[in-house]
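Asker: Each residue of the sequence shown is one higher than the one before, counting from 290 in my numbering.
Here's a structure for you.
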Amino acid sequence: MTTAGETDHNNLPEPSEPLRTPGHGNSRVTDRVGGRVPAALPTVTFPNGLTAPALGQGTWYLGERSSSHAEELAALRTGIELGLTMIDTAEMYGEGAAERLVGEAIGGQRDEVFLVSKVLPGNASLRGTVNACKESLRRLRTDYLDLYLLHWRGSFPLSATIEAFETLAQDGLIRGWGVSNFDADDMDELLSLPGGSAVQTNQVLYNLASRGPEFDLLSRGGDRRVPLMAYSPIDHGELNRHPRVREMAQAKGISAAQLAIAWVLRLSPQACTVVKASTPAHARDNRAAADVTFSDDQLAELDSIFPPPVTAEPLRMR
Ligand SMILES: NC(=O)c1ccc[n+]([C@@H]2O[C@H](COP(=O)([O-])OP(=O)(O)OC[C@H]3O[C@@H](n4cnc5c(N)ncnc54)[C@H](OP(=O)(O)O)[C@@H]3O)[C@@H](O)[C@H]2O)c1
């Protein structure tokens, strides 16, 4: 088994071309996001042709406390109303509590939502994956997932998990599958396996403070058809407290969270992202982040604060 910390990057090629950065010097959209009709959300198209908003909602730590149940439910529903219809969850989160909350939030509007869940590596055998998916579907009160991901690599052979994903797809329980926390060599191995090229996404930690994927996962030509799903765009809330981020955000008339999210979203459609909000106010703030653009000078300033990788770095995970 290869873990993120053990990854050998020695044989990785150099990035072939600069990353696309839509919004560079774009004067069409202003910096401020309040009081305007928002522009349409950017979208991501997965290799199987399914499309989702490039900004979605995360659910880690949601659904765990009854005292915040109503507010978290309202947060998810507000996000859906505003178009953040891609929802990322996992059997791991609150041992099913997040999936139960999502099931409640999407009641009556299942088909409006692009639903992503994840199987724990310890369940990722052929039979274990199929059973775990059925349990997730029960908690989510639905009969299909749009994407089902392997949460991170474990000890079961990838071929067994792929076979399980194929079985689930044939039975109509999932519309596509992907992986999470796979470094470049893990992706190479996956893509070399029979059926492995059906992977739809790799969900990884990517934000201003964790730019490692730019060097390989995002830059390598061969993997480009597999859009990255960036998690923790606000670095689990840490970027809200970063003095330089706060300063820049204030100058742009936006929140620090919006700046951090918009910076990740600049890579859509090559990448999409999921952000977690526990309140409707945060969900609204996050939706408006999709309307933020950066000038070249602002991007250069962010590069000076958070330098891009100059060499391969082991993939970090949270
Ligand atoms: N595959 C994996 O291994 C993996 C690992 C980590 C995360 N994920 C997924 O990615 C999602 C997002 O990552 P994350 O939850 O770690 O971190 P995140 O989305 O980067 O940050 C969440 C934190 O930011 C705060 N926040 C959100 N919107 C805000 C706003 N507009 N203004 C101020 N603060 C705001 C949240 O506060 P409130 O809660 O108070 O709103 C929370 O403390 C997860 O929920 C999960 O679905 C996947």
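Here a beta-carbon is modelled for each residue, glycine too, at the ideal position from N, C-alpha and C.
A quick note: this is a predicted structure, and the numbers were derived from the prediction, not measured.
Do the stretch 562–569 and the stretch 466–475 make contact, defined as three or more Cβ pairs closer than 8 angstroms?
Answerer: Because the criterion of three Cβ pairs below 8 angstroms is not met, the stretch 562–569 and the stretch 466–475 do not touch.
Asker: So, at 7 angstroms on beta carbons, what are the nonlocal neighbours of Arg399 in its own chain, with the 5 sequence-adjacent residues on each side left out?
Answerer: In the sequence shown, residue 399 corresponds to position 110, counting from 1. Within the same chain, Arg399 has close Cβ partners Thr431.
Asker: Could you compute how far the alpha carbon of His313 sits from the alpha carbon of Leu494?
Answerer: Within the sequence shown, the letter at position 24 stands for residue 313. Within the sequence shown, the letter at position 205 stands for residue 494. Unreliable positioning characterises His313 in this predicted model, as indicated by a pLDDT of 31, which lies under 50. A coordinate reading is not provided.
Asker: Tyr437: beta carbon under 7 angstroms from a heavy atom of ligand 1?
Answerer: Taking the first residue of the sequence shown as 1, we reach residue 437 at position 148. No, since every heavy atom of ligand 1 falls outside the 7 angstroms radius drawn around the Cβ of Tyr437.
Asker: Check for me: the alpha helix (DSSP H) holding Gly451 runs from which residue to which?
Answerer: Looking up residue 451 in the sequence shown gives position 162. It should be noted that the sequence gives Ile, not Gly, for residue 451. First-last of the alpha helix (DSSP H) with Ile451: 447–459.
Asker: Any heavy atom of ligand 1 within a distance shorter than 7 angstroms of the CB on Glu568?
Answerer: Stepping through the sequence shown from its first residue, residue 568 is reached at position 279. Per the sequence presented here, residue 568 reads as Thr, with Glu not at that position. Yes, the beta carbon of Thr568 sits closer than 7 angstroms to at least one heavy atom of ligand 1.
Asker: When the Cα atoms are used, what is the spatial distance from His358 to Gly352?
Answerer: Here residue 358 corresponds to residue number 69 of the sequence shown, with the count starting at 1. Here residue 352 corresponds to residue number 63 of the sequence shown, with the count starting at 1. Computed Cα separation, rounded: 6 angstroms.
Asker: Following a CB-centred definition, is Ile523 positioned closer than 7 angstroms to any heavy atom of ligand 3?
Answerer: By its list of ligands, the structure shown excludes ligand 3, since it contains just ligand 1.
Asker: Does Asn615 come out as helix, strand or coil in the three-state DSSP assignment?
Answerer: No statement about residue 615 is possible, as the shown extent of the chain runs from 290 to 607 and does not include it.
Asker: Rounded to whole angstroms, what's the CA-CA distance from Ala527 to Ala538? Just pull it up for me.
Answerer: Sequence index remark: in the sequence shown, residue 527 carries index 238 (1-based). Sequence index remark: in the sequence shown, residue 538 carries index 249 (1-based). The sequence given here places Glu at residue 527; Ala does not occur at that position. Using only the alpha carbons, I get a separation of about 14 angstroms.
Asker: With distance defined between alpha-carbon atoms, name the residue in Arg442, Gly443, Leu438 nearest to Glu455.
Answerer: In the sequence shown, counting from the first residue as 1, residue 455 sits at position 166. Selected option, being the one with the closest Cα: Leu438.
Asker: DSSP has Trp466 in a bridge; who is on the other side?
Answerer: As a working note, residue 466 is residue 177 in the sequence shown. Looking at the DSSP assignment, Trp466 forms a beta bridge with Tyr437, Val488.
Asker: Is it buried or exposed for Pro532, if we count other Cβ within 10 angstroms and need 16 for buried?
Answerer: Walking along the sequence shown from the start, residue 532 turns up at place 243. By the 10 Å Cβ count, Pro532 comes out exposed.
Asker: Less than 7 angstroms between the CB of His571 and some heavy atom of ligand 1, yes or no?
Answerer: Along the sequence shown, one-based indexing puts residue 571 at 282. Yes, the beta carbon of His571 sits closer than 7 angstroms to at least one heavy atom of ligand 1.
Asker: Could you pull out every residue in the same chain whose Cβ sits closer than 6 angstroms to the Cβ of Ala578, ignoring the five residues on either side in sequence?
Answerer: Residue numbering aside, residue 578 sits at position 289 when the sequence shown is read from its first letter. Contacts found: Gln547, Ile550, Ala551.
Asker: Return the CA-CA distance between Met375 and Ala329, expressed in angstroms with no decimal places.
Answerer: Along the sequence shown, one-based indexing puts residue 375 at 86. Along the sequence shown, one-based indexing puts residue 329 at 40. Rounded to whole angstroms, Met375 to Ala329 spans 15 angstroms at the Cα level.
Asker: Excluding five sequence neighbours on each side, which residues of the same chain lie with their C-beta closer than 8 angstroms to the C-beta of His571?
Answerer: Position 282 of the sequence shown, counted from the first residue, corresponds to residue 571. Excluding sequence neighbours, His571 sits near Ala364, Ala546.
Asker: Is it true that the stretch 475–490 meets the stretch 444–451, where meeting means three or more beta-carbon pairs spaced less than 8 angstroms apart?
Answerer: The stretch 475–490, when compared against the stretch 444–451, does touch it at the 8 angstroms Cβ threshold.
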